[in-house]
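Asks:
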């Protein structure tokens with residue numbers, strides 16, 4: 000019963016939002032990266048940031064879609080975003096994206112790890128052989144964030160916003176043997192693998208908070224809500240239709256990530272988990288386990304050290 004109530008509260012909140020995009024302060028001089036900012040929730044996030052005069056980089060693997068979004072949003076907001084090529088399914092691409100940004104900017108005020116995949120082809124793997132959902136949703140964002148730590152700390156006060164999902168409460172931890180291809184991964188349900196990746200996202204966000212909070216970085220994880228977004232591009236059309244009937248639009252979906260990225264209140268929320276609409280929620284207790292956080296960090300560090 001507790002899980003059902005928690006899911007309902009996080010996906011169909013009865014409380015009205017006490018914060019809106021109108022509360023976003025002027026962001027002139029702020030440099031922000033939004034991964035997957037060319038569509039869905041990410042595009043809505045970029046739109047609001049541009050309206051508030053931030054300098055925004057859209058990090059995406061699809062330049063044509065990114066260019067189209069940049070052009071559309073410039074007409075709408077009067078401000079232009081910039082493109083960085085980023086394929087989270089390839090760690091060499093992640094490294095190249097970070098280096099490209101570092102050649103352009105000396106600081107990074109906000110990194111929004113928005114891009115992700117959900118329920119792709121069960122046989123799909125990343126370039127390095129990880130389960131695609133874990134690779135794109137966890138390993139890639141970790142590596143990108145780690146590489147950009149010099150720019151995040153240079154900002155003096157910066158934020159890392161990692162999009163998760165409240166579905167993470169439906170799993171009890173990380174089954175390490177399912178991260179790479181093998182018998183255990185093949186037996187696992189695709190939705191469980193997705194929820195596992197989002198569980199790991201909360202753990203990762205907490206660990207960034209523990210390790211870099213004293214260097215001016217505020218790291219949070221965010222459940223944006225049950226949103227009809229571009230994430231469904233890897234799902235079957237039947238599932239997309241069902242989800243569409245019970246979902247909110249991407250404008251709503253952008254609200255809580257924007258709150259995490261811009262509200263002064265979040266300066267006191269390092270390591271917290273946010274849920275709709277713009278409020279602090281309760282993640283799975285297992286995600287707060289310090290030993291698990293250290294184990295995931297060590298594993299991620301080892302996996303990405305020789306890229």
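In my numbering, the protein residues as written are 0 to 306. Note that beta-carbon positions come from the ideal geometry of N, C-alpha and C, so glycine has one too. As the structure is a computational prediction, the values presented were derived from the model and not from experiment.
Could you tell me which residues DSSP puts in a beta bridge with residue 92?
Replies: Answer is none; residue 92 lacks a bridge partner.
Asks: Residue 301: which of 56, 123, 141 sits nearest, CA to CA?
Replies: Of the candidates 56, 123, 141, the one whose C-alpha sits nearest the C-alpha of residue 301 is 141.
Asks: Taking the CB atoms as reference points, tell me whether residue 207 and residue 173 lie closer together than 8 Å.
Replies: In this structure, residue 173 does not lie closer than 8 Å to residue 207 by Cβ.
Asks: Alpha carbons only, please: which of 154, 161, 153, 88 is nearest the one belonging to residue 111?
Replies: Checked all of 154, 161, 153, 88; the closest Cα to residue 111 is 161.
Asks: Rounded to a whole number of angstroms, what is the C-alpha to C-alpha distance between residue 122 and residue 82?
Replies: Cα to Cα, the separation comes out at about 30 Å.
Asks: Pick helix, strand or coil for residue 170, following the three-state DSSP scheme.
Replies: If DSSP states are grouped into helix, strand and coil, residue 170 belongs with coil.
Asks: What runs of the beta strand (DSSP E), each 3 residues or longer, lie entirely inside the region 53 to 86?
Replies: Counting whole runs of 3 or more residues, the region 53 to 86 contains the beta strand (DSSP E) stretches 54 to 59, 81 to 84.
Asks: Considering only the alpha carbon of each residue, which of 126, 131, 113 lies closest to residue 120?
Replies: Comparing Cα positions, the closest option is 131.
Asks: Is DSSP giving residue 118 helix, strand or coil here?
Replies: Coil at residue 118, not helix or strand.
Asks: Tell me where the alpha helix (DSSP H) around residue 144 begins and ends.
Replies: 139 to 146 is the extent of the alpha helix (DSSP H) around residue 144.
Asks: In the DSSP output, what is residue 129 paired with across the bridge?
Replies: Answer by DSSP bridge pairing, in chain order: 179.
Asks: Based on the DSSP secondary-structure assignment, which residues constitute the bridge partners of residue 218?
Replies: Looking at the DSSP assignment, residue 218 forms a beta bridge with 159.
Asks: Near residue 203, what residues of its chain come up, given a Cβ to Cβ distance below 7 Å and the 5 sequence neighbours on each side ignored?
Replies: So the list reads 137, 141, 161, 295, once near-sequence residues are dropped.
Asks: Bridge partners of residue 8, per DSSP?
Replies: Looking at the DSSP assignment, residue 8 forms no beta bridge with any residue, so it has no partner.
Asks: In the DSSP assignment, find the beta strand (DSSP E) that holds residue 45 and state where it starts and stops.
Replies: Premise fails: residue 45 lies in the alpha helix (DSSP H), 39 to 50, not in any beta strand (DSSP E).
Asks: Alpha carbon to alpha carbon, what distance is there between residue 289 and residue 171?
Replies: In a straight line, the C-alpha of residue 171 is about 15 Å away from that of residue 289.
Asks: Please work out which residues of its chain come closer than 8 Å, Cβ to Cβ, to residue 44, disregarding the five sequence neighbours upstream and downstream, and give them in chain order.
Replies: So the qualifying residues of the chain are 33, 36, 111, 113, 253, 256, 257, 260.
Asks: If you follow the beta strand (DSSP E) that residue 110 is in, where does it begin and where does it stop?
Replies: From DSSP, the beta strand (DSSP E) with residue 110 extends over 109 to 112.
Asks: Hey, how far is the Cα of residue 248 from the Cα of residue 210?
Replies: Taking the straight line from one Cα to the other gives about 35 Å.
Asks: From which residue to which residue does the alpha helix (DSSP H) around residue 30 run?
Replies: Counting along the chain, residue 30 falls outside any alpha helix (DSSP H), though it belongs to the beta strand (DSSP E) covering 30 to 34.
Asks: Leaving out five residues before and five after residue 306 in sequence, what residues of the same chain have Cβ atoms less than 6 Å from its Cβ?
Replies: Result list for residue 306: 90, 94, in chain order.
Asks: Measure the alpha-carbon distance for residue 42 versus residue 285 and round it to whole angstroms.
Replies: One C-alpha to the other measures close to 32 Å.
Asks: Given this structure, state the Cα-to-Cα distance separating residue 163 from residue 304, to the nearest angstrom.
Replies: Approximately 25 Å, taken between the alpha carbons.
Asks: Within 10 angstroms of the Cβ of residue 0, are there 16 or more other Cβ atoms? Answer buried if so, exposed if not.
Replies: Note that residue 0 scores 44 on pLDDT, short of 50, meaning its location in the model is unreliable; the coordinates nonetheless yield the value given after this. Label assigned to residue 0: exposed.
Asks: Sorted by chain position, which residues of the same chain lie with C-beta nearer than 8 Å to residue 180's C-beta, five sequence neighbours on each side aside?
Replies: Excluding sequence neighbours, residue 180 sits near 124, 128, 130.
Asks: Helix, strand or coil for residue 0? Go by DSSP, reduced to three states.
Replies: In this predicted model, residue 0 has a pLDDT of only 44, less than 50, meaning its place in the structure is not dependable; the value taken from the coordinates is given anyway. Three-state DSSP puts residue 0 in coil, outside helix and strand.
Asks: Measuring straight from C-alpha to C-alpha, what distance separates residue 135 and residue 145?
Replies: Going by the C-alpha atoms only, they are around 15 Å apart.
Asks: Return the chain-ordered list of same chain residues with a C-beta closer than 8 Å to the C-beta of residue 287, the five sequence neighbours on each side being excluded.
Replies: Within the same chain, residue 287 has close Cβ partners 205.
Asks: Residue 26 and residue 52: beta carbons closer than 8 Å?
Replies: For residue 26 and residue 52, yes; Cβs fall inside 8 Å.
Asks: Quick one: what does DSSP say residue 15 is sitting in, helix, strand or coil?
Replies: If DSSP states are grouped into helix, strand and coil, residue 15 belongs with coil.
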